[in-house]
Amino acid sequence: MEKSLRIYLSLFCLLLSVQFSAGKRQYLHDGWTFGQARSLTRYPAKVPGVVHTDLLANKLIEDPYFRLNERSVQWVDKEDWIYENTFEVEDDLIECDNLRLFFNGLDTYADIYLNDTKILNANNMFRRWEIDVKPYVNSGRNHLKIYFHSPLKIDMAKWEKLPYQYFASNDQSENGGMFDRKLSIFARKAGYHYGWDWGPRLVTSGIWREVFLDGWNNMRINDTHYRQREVSAKKAALTDVIHLTSDKLISNATVNVRDKASGKIIVSKKCDIDKGRNDISIDFSIRNPRLWWCNGLGKPELYTFSTEIEKNGEILASNDERIGIRSIRVVTDKDSNGNMQFYFVLNGVPVFAKGTNYIPQDNFLPSVTPERYKATIDDAVNANMNMVRIWGGGIYEDDLFYDLCDESGLMVWQDFMFACSVYPAQGDWLESVRNEAIDNVCRLRNHPCIALWCGGNECLDAWYNWGWKRKTYEINPKYADIIEAELNRQYFETLPEVIAEYAPESFYWPSSPFTAQGQGSDGINGDRHYWTVWHRKAPIDSYNRDMAHFFSEYGMQSFPEYNSVIKFAPDTEDHNIDGEVMMSHQRGGDHANKLIEWYLDSEYRHPQDFSDCLYATHVMQADAMRTAIEAHRRNRPYCMGSLLWQHNDCWPVASWSTRDYYGKWKAAHYLVKKSFENVIASADITGDSIKVYAISDLLTDKTGTLTIDVFTMDGTKVYCESSKITVPANMSTKVWELPLQSIVKSHDYKSLVINIGLECDGYNHNGNYYLCKQKELKLNPSDIKMEINPASDGYILNLKSDKFVRAVWLSVNDDGAKFNDNCFDLLPGITQSCAIKTDLSPTEIQSRLKIQCLNNI
1 MEKSLRIYLS LFCLLLSVQF SAGKRQYLHD GWTFGQARSL TRYPAKVPGV
51 VHTDLLANKL IEDPYFRLNE RSVQWVDKED WIYENTFEVE DDLIECDNLR
101 LFFNGLDTYA DIYLNDTKIL NANNMFRRWE IDVKPYVNSG RNHLKIYFHS
151 PLKIDMAKWE KLPYQYFASN DQSENGGMFD RKLSIFARKA GYHYGWDWGP
201 RLVTSGIWRE VFLDGWNNMR INDTHYRQRE VSAKKAALTD VIHLTSDKLI
251 SNATVNVRDK ASGKIIVSKK CDIDKGRNDI SIDFSIRNPR LWWCNGLGKP
301 ELYTFSTEIE KNGEILASND ERIGIRSIRV VTDKDSNGNM QFYFVLNGVP
351 VFAKGTNYIP QDNFLPSVTP ERYKATIDDA VNANMNMVRI WGGGIYEDDL
401 FYDLCDESGL MVWQDFMFAC SVYPAQGDWL ESVRNEAIDN VCRLRNHPCI
451 ALWCGGNECL DAWYNWGWKR KTYEINPKYA DIIEAELNRQ YFETLPEVIA
501 EYAPESFYWP SSPFTAQGQG SDGINGDRHY WTVWHRKAPI DSYNRDMAHF
551 FSEYGMQSFP EYNSVIKFAP DTEDHNIDGE VMMSHQRGGD HANKLIEWYL
601 DSEYRHPQDF SDCLYATHVM QADAMRTAIE AHRRNRPYCM GSLLWQHNDC
651 WPVASWSTRD YYGKWKAAHY LVKKSFENVI ASADITGDSI KVYAISDLLT
701 DKTGTLTIDV FTMDGTKVYC ESSKITVPAN MSTKVWELPL QSIVKSHDYK
751 SLVINIGLEC DGYNHNGNYY LCKQKELKLN PSDIKMEINP ASDGYILNLK
801 SDKFVRAVWL SVNDDGAKFN DNCFDLLPGI TQSCAIKTDL SPTEIQSRLK
851 IQCLNNI
């Protein structure tokens, strides 16, 4: 069922992305074998796939994600591999005048032979390859062979040839037995495959995306680009730019653009079509268009347009394209202090970007099913996000990813695939990058979700701010000049030129973060990666003080929850965060573990029990993300974006993710969901005063009820106030302020909880604030009472305590179980309800449910 669904969705996405029009297609996914090039032994292979998953399926290696098994498969990337397939071309295809073979992804250095003739030399994982095979195919059986060269063997010679080195800080060459040879920068291949501070070193090879034959006669539409020249609520002015190939001259043909939903032709144009390649443009407009809006601001309306080439009533070629009509603008004007702003304007509305950074969902990319894609996007949408940043050390994502973002109203910040490195941007390498950029810009430019193209991740900061330029100059100034010239050529010439030519309405940003050419980011101009909390041991409340116009990265690490840990480390002897197995699944190394322990000791409590320790890191991460998000939102319009690091993992690991590898929400994801709600109240407790802000992303003013209650830990209410307030549209507004002393009086700060609630337009936001560090709170041991009531798809859990309970965490040992709320406080005497979707029985819930809280640590 999963395989058929994947093939169906892949075909559906290919049709929507309009790679090719009228023709016939034959997928070549069955019957493959593979083996080491130096051996004659062959095994069954799955296509799409990679060599590691094929080795695993044939029981030739153990699961690399389990315990320490990653170490035992480091030989795989030093081998050359051969994939072979024998097939017959279907009758209706073999009769076509034009027959082409397509590879949507080859990883990475590959020689392709068809019937013993070499037809392609591939060298870029991110490119789509197309070959005319009409001269080479037989009407009977055909033999297709792909020889994958070891990327390490290919690139070792490049490394040895240079008198200087290119820095690649996250390339775990030592773990792969390569010593200091950082080879990842030479290959146009996903950088994270070579290791990262949250990922393993598993350097793959294989046919990682679809391979198929495409046949056609007379004419084919290669591509259509719907340029959106001007968009407003009253009118959308568009141009359909059509790229087609014709076998012959066709005079006086008609080009139609049809609305598929209504079947009506929007516009027609007469033109002559030459033999060979043709580029045709046709302008049209739509009155009162249904606009595409991001999540939280409106419906992400989509149109499907059909481009048809017609002659004498016969459709010669056609293709469909799904688009959203919208205007996205990035503002980088100077603010009142002369600093560069950075924010998005969607359909004329300034948007506070609420979102996350996304990495590939697996080191073995073909393992990511459509179901996993949908769950990942749903988890962003359900956490009230409106933007996701596709980070530059991974891949240009599958078509399905962008289709889901289109449908869900998630804007996409799209990095080009460069991260935390400097690269040999010259000659053939740079030309390969240019073609890679063209391929992916053309593939993705019609998606309404694409909000920005960015040169890469932290590469400029690495050169200018991390000391790499200085270190290179100390070795030889000439080498530093070479690298800097290549850097400028890559980010300020080649990539922006591709955007200008192939997606001229799109915005290009040279790097994230970025301030100006010739320097690193300064945290004031443009976007900011904020790591003072975490890397520099700043206290968590520093988020309340350190500001930027746009935070495109910030984060706090945590471990996976206990039920996830036991999947890759089931033995209790491994249940030690400093033990060998857990450290292998902590790619930040001892440095990261020491930071976690420092923050726990400094601000929380450091449990000795393994499960409690995992839980405590979850609470710490959740509090940090909530603190950051609320501070960023309170400070709008100065700050207009908050993209946390990170959304997901590529294997089971300790990391900054708010969802672990298995898709389970960590505590942070629940608090992110609450903090990103369209309407919230947020307190800023600074010095001797408390200020409360009403924050709204709604586009109209609303009236709400604000409540402020102050409790002691045993339930005594020492202050309460309720008032009607106006919540202004699309801004942050201070709505209440008092000296702290007037509400806490003579009570001990360490024994108090300030509860702030806001009911407005169906939103009911509630949050607790404290006047001391978490470890200083005078929490009482908890005695939580719970009722379990059946619901349509699970149960409602009602929890209550006569004492204040901090950070209640519920878990059941059931992969399918989902809570609608978690990591919440219990106010004394007030019932807190949450729903759980599960197939477990009430008895199983009672026996499996585990409740953790800070009170009992």
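Taken in order, the sequence shown gives residues 1 to 857; the numbers are from the working numbering. Here a beta-carbon is modelled for each residue, glycine too, at the ideal position from N, C-alpha and C.
Under the three-pair Cβ rule at 8 angstroms, the stretch 481-494 does not count as touching the stretch 258-271.
Assignment of beta-bridge partners to G199 by DSSP yields W196.
Rounded to the nearest whole angstrom, the C-alpha separation of C442 and P366 is 23 angstroms. Assigned with DSSP and collapsed to three states, H575 falls in coil, not helix or strand.
A direct Cα-to-Cα measurement between G35 and V808 gives close to 52 angstroms. Counting only unbroken stretches of 4 or more residues, the alpha helix (DSSP H) elements lying wholly within the stretch 462-535 are 468-475, 477-489, 495-502, 532-535, in sequence order. Within the DSSP secondary-structure output, D214 pairs in a beta bridge with R25, R100.
In the DSSP assignment, M731 is bridged to S696.
Setting aside the 5 residues that flank it on each side, H243 is surrounded in the same chain by N222, D223, D279, each with a C-beta closer than 6 angstroms to its C-beta; the list follows chain order.
Around the beta carbon of F103, 16 or more other beta carbons lie within 10 angstroms, which makes this residue buried. Excluding sequence positions up to five before and after P496, its CB lies within less than 7 angstroms of the CB of Y508, all in the same chain and listed in chain order. Proximity to S408 across M387, W391, Y423 peaks at M387, based on C-alpha coordinates. According to the DSSP assignment, L758 belongs to the beta strand (DSSP E) that extends over 752-760.
Distances from the alpha-carbon of A817 to those of A237, S841, I359 put S841 closest. DSSP, reduced to helix, strand and coil, places D590 within a helical segment of the structure shown.
By the Cβ neighbour-count rule, T572 is exposed, with fewer than 16 other Cβ atoms within 10 Å of its own. According to DSSP, residue pairing for G663 in a beta bridge does not occur. I743 and Q586 have their C-alpha atoms roughly 44 angstroms apart. Within the same chain, E603 come within 6 angstroms of K773 by CB-CB distance, once the 5 residues on both sides are set aside. When DSSP states are grouped into helix, strand and coil, Q414 belongs to the strand group.
The stretch 364-427 is shown to contain whole alpha helix (DSSP H) runs of 4 or more residues at 370-381, 399-408, in chain order. Per the C-alpha coordinates, the member of G767, Y166, L213 positioned closest to K471 is Y166. If you ignore the 5 residues before and after Q519, its C-beta comes within less than 6 angstroms of the C-beta of Y464, all in its own chain and listed in chain order. The bridge partners DSSP lists for K235 are R287. Ranked by how close their Cα comes to the Cα of E130, the residues K158, K118, R100, R141 have R100 in first place. S169 places its beta carbon 9 angstroms or farther from that of R181. Taken atom to atom, the span from the alpha-carbon of S722 to that of L410 is near 36 angstroms. In its chain, beyond the 5 residues on either side, D171, Q172, S184, R201, V203 have a beta carbon closer than 7 angstroms to the beta carbon of Y194.
Taking C-beta atoms under 8 angstroms as the contact rule, R626 and S657 fail to qualify, at a distance of about 16 angstroms. Between the C-alpha atoms of L444 and Y402 there is a straight-line separation of about 8 angstroms.
In the displayed model, A45 falls within coil according to three-state DSSP, outside both helix and strand. It is roughly 40 angstroms from the alpha-carbon of V257 to the alpha-carbon of F364. In this structure, the alpha-carbon of H618 lies about 21 angstroms from that of Q361. The alpha carbon of A37 has as its nearest neighbour, out of F148, Q832, Y479, the alpha carbon of F148.
Excluding five sequence positions before and after L771, the CB atoms of its chain that fall closer than 8 angstroms to its own CB belong to I685, L740, V744, Y749, K750, L752, I754, given in chain order. In this structure the stretch 594-613 does not touch the stretch 688-707; the number of beta carbon pairs closer than 8 angstroms is below three.
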